[in-house]
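These protein sequence lines map, in sequence, to chains C and W. Per the numbering used here, numbering of the first sequence is gapless, rising by one per residue and ending at 520. Per the numbering used here, numbering of the second sequence is gapless, rising by one per residue and ending at 520. For every residue, glycine included, the Cβ atom is placed at its ideal position computed from N, Cα and C.
2 protein chains.
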Amino acid sequence: MEANQGRRPRTSRARGGYAVGDERRTRILDAAVEHYAQWGFHASSLARIAKDVGVTQGGLLHHFRSKEDLLVSVLERSDEQDVERFFAAEPASAADCFRTLVDLAAHNAGRPGRVRMFNVLAAEAGSPGHPAHAYFERRYRDVLDHVSGALRRGVDSGELRPDTDGEQTAREIAAVMDGLQLQWALDTTGFDMAERLRAYLDRLLRVLAA
Amino acid sequence: MEANQGRRPRTSRARGGYAVGDERRTRILDAAVEHYAQWGFHASSLARIAKDVGVTQGGLLHHFRSKEDLLVSVLERSDEQDVERFFAAEPASAADCFRTLVDLAAHNAGRPGRVRMFNVLAAEAGSPGHPAHAYFERRYRDVLDHVSGALRRGVDSGELRPDTDGEQTAREIAAVMDGLQLQWALDTTGFDMAERLRAYLDRLLRVLAA
């Protein structure tokens with residue numbers, strides 16, 4: 311027993327303990343991604359998500375106070391994972407930033423459910439009353455700041471031309487990524503999303519290079 | 311009476327005639343655009359759309375057989391209007407094609423409801439079971455054919471470099487347009503969508519020029 315003690319400490323607790331709760335919480339979040347991807351936020355129902363996971367609606371509400379709380383939790387978890395994996399370090403150059411964006415696109419090509427969910431919720435959030443409206447406003451601000459910061463440092467280091475417009479170029483890059491995701495979700499075998507992004511960013515870097 | 315006879319011939323018919331029917335049909339289609347934009351297809355309801363227009367659900371079903379029929383009718387009318395206005399003539403050059411795309415973006419900046427509807431339905435249609443899935447597959451095919459055709463003719467005429475990849479470049483252009491629409495719907499006063507597209511296409515044309 312000693313040797314195994316540190317491995318899955320939480321599952322050694324009684325039924326209903328932290329581990330079971332965490333695992334159930336994760337399954338609810340995963341199911342919600344698929345429901346939002348297929349039905350959108352408004353037509354998704356807590357009752358159907360709970361049923362898919364095999365819990366009661368009351369059980370679901372133990373983890374997430376409301377439909378809106380579940381939505382924000384799904385989005386925040388999704389971002390946390392991506393930030394940790396792709397955006398934890400400040401890119402050393404514009405070229406370095408662009409490589410990371412291509413890596414992210416390649417990663418996304420392996421999770422069509424997540425891509426479809428993002429497409430649908432980002433589109434729905436265009437309505438000012440949508441519960442994810444403020445979230446997506448902030449998210450685009452963060453993405454634009456991250457990319458335009460890398461472009462500005464590229465100008466400062468002499469990597470990029472001094473007249474590079476970091477903010478507007480970052481907006482264009484975000485548009486290419488989102489627009490490719492929209493096309494790709496319709497036809498996931500029709501083209502290579504990461505290669506398309508790479509070709510665009512390679513050309514952009516050649517034009518912007520000092 | 312003679313002088314007025316040709317002006318509004320349909321309204322001279324009895325109540326319930328073609329003119330009243332056409333006008334009601336148009337109001338239903340307009341209301342549906344706003345409902346899809348705000349709620350998505352699945353959470354939109356024929357009963358609520360009918361209520362907004364001031365007709366009964368039965369009255370709505372007189373014009374559109376089903377929820378899916380109304381969806382397809384909204385999309386087809388939207389496309390017909392755009393095709394007539396922007397894509398009736400084959401562009402004489404890549405530069406000509408790009409100018410038309412900027413005109414379309416400027417036109418779209420005047421109709422946020424239509425833009426939000428397009429964003430939401432295109433995103434939802436990524437799910438293979440969505441009633442607009444086939445429609446959006448065909449629509450992207452048409453857009454890619456139109457733009458890649460203009461690029462290929464640009465190569466043939468000596469306007470563009472011979473190694474221009476029409477298909478992949480068209481995909482990128484569509485992505486920029488859609489991605490900008492997604493950002494713009496979240497913040498319609500934050501940036502000029504048509505100017506952003508123009509800056510992108512101007513740079514692209516310089517790179518592709520023979």
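Burial state of residue i, where buried means 16 or more other Cβ atoms lie within 10 Å
i      : result
C/E469 : buried
W/S355 : exposed
W/V393 : exposed
W/Y328 : exposed
W/P401 : buried
C/E477 : exposed
C/E482 : buried
C/P472 : exposed
W/E390 : exposed
C/R451 : exposed
W/T366 : exposed
W/E434 : buried
C/S376 : exposed
C/S467 : exposed
W/D488 : buried
C/G364 : exposed
W/A415 : buried
Beta-carbon proximity of residue i to residue j, cut-off 8 Å
i      : j      : result
W/L518 : W/F408 : no
C/I359 : C/H345 : yes
W/A485 : W/V457 : no
W/G350 : C/H352 : yes
C/R424 : C/V343 : yes
C/E447 : W/L431 : no
W/P422 : W/T498 : yes
C/L490 : C/L411 : no
W/L380 : W/A442 : no
W/M427 : W/A347 : yes
C/L454 : C/S383 : no
W/L461 : W/A404 : yes
Any non-hydrogen atom of the ligand ADP closer than 7 Å to residue i Cβ
i      : result
C/V363 : Here there are no bound small molecules, and the ligand ADP is not part of this structure.
Residue i (DSSP reduced to helix, strand or coil)
i      : result
W/A480 : helix
W/A509 : helix
C/A519 : strand
C/H443 : helix
C/S458 : helix
C/E400 : coil
W/F374 : coil
C/R318 : Confidence at C/R318 is low in this model, with a pLDDT of 43, below 50, so the placement of that residue should be treated as unreliable; the coordinate-derived value is given next. Note: C/R318 maps to coil in three-state DSSP.
W/G436 : coil
W/G500 : coil
W/A329 : helix
C/V486 : helix
7 Å Cβ cut-off: residues of chain W touching residue i
i      : result
C/H352 : W349, G350 and A353
C/E482 : V486, R506 and Y510
C/F501 : R481
C/R513 : V517
Under 8 Å by beta carbon: chain W residues contacting residue i
i      : result
C/E447 : L496 and D497
C/D488 : A485, D488, G489, L492 and Q493
C/V365 : Under the 8 Å cutoff, chain W gives no residues; its nearest Cβ is about 23 Å from C/V365.
C/R426 : A433, G436 and S437
Within chain C, the residues that residue i reaches when beta carbons sit closer than 7 Å
i      : result
W/E434 : G350 and V430
Residues sharing a beta bridge with residue i, DSSP
i      : result
C/L470 : C/A519
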